[in-house]
Amino acid sequence: MRMERLGNILPHHREVLEAAAREEGRSLEEYVAWVANLSSDRMHATRDRIMNGVAGEREATLYGCWLEARAAVQEVQYRIEVRPGKYAWRGR
92 MRMERLGNIL PHHREVLEAA AREEGRSLEE YVAWVANLSS DRMHATRDRI MNGVAGEREA
152 TLYGCWLEAR AAVQEVQYRI EVRPGKYAWR GR
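If you want this note's numbering, it's the position in the sequence shown, counting the first as 1, plus 91.
(1) Sort 151, 110 and 163 by Cα distance to residue 140 and report the nearest one.
(2) What does the Cβ neighbour count give for residue 145, buried or exposed, with the cut at 16 atoms within 10 Å?
(3) For the alpha helix (DSSP H) that contains residue 96, what are its first and last residues?
(4) Could you give the distance in angstroms between the alpha-carbon of residue 137 and the alpha-carbon of residue 118?
(5) So residue 159 packs on residue 101, CB below 8 Å; how close in whole Å?
(6) Compute the beta-carbon to beta-carbon distance between residue 164 and residue 123, rounded to the nearest angstrom, for a pair I have assumed lies under 8 Å.
(7) So, with DSSP's three-state summary, where would you put residue 146?
(8) Determine, for residue 179, whether the minimum Cβ-Cβ distance to residues of chain D falls below 8 Å.
(9) Threshold first: 4 residues or longer. Then list the alpha helix (DSSP H) segments lying entirely within the region 101 to 139, N to C.
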């Protein structure tokens with residue numbers, strides 16, 4: 092996780108995340124770390140609730156902000172084949 096990238100979160104998403112963090116008694120950093128570590132199952136379940144019309148507007152908004160936060164701070168590594176059988180790792 093690259094917490095120094097918190098500044099990459101769009102301002103309107105950051106405001107929602109800060110409010111959610113305050114409600115839970117956490118700092119923004121703690122809350123985003125929790126969001127970044129949510130399991131794929133939890134994220135998919137939330138997405139499915141939204142798609143099925145079960146989730147409310149607040150949950151749908153928060154889910155969009157979770158996606159933004161995860162994209163900002165999660166480190167992604169790519170394996171690139173530089174020669175047949177030889178690979179290099181690149182990350183962002």
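Here a beta-carbon is modelled for each residue, glycine too, at the ideal position from N, C-alpha and C.
If we stick to the structure as given:
(1) 151
(2) exposed
(3) First-last for residue 96: undefined, no H or E at that position.
(4) 23 Å
(5) 6 Å
(6) 6 Å
(7) coil
(8) Any reference to chain D falls outside this structure, which holds one protein chain only.
(9) 102 to 114 and 119 to 127
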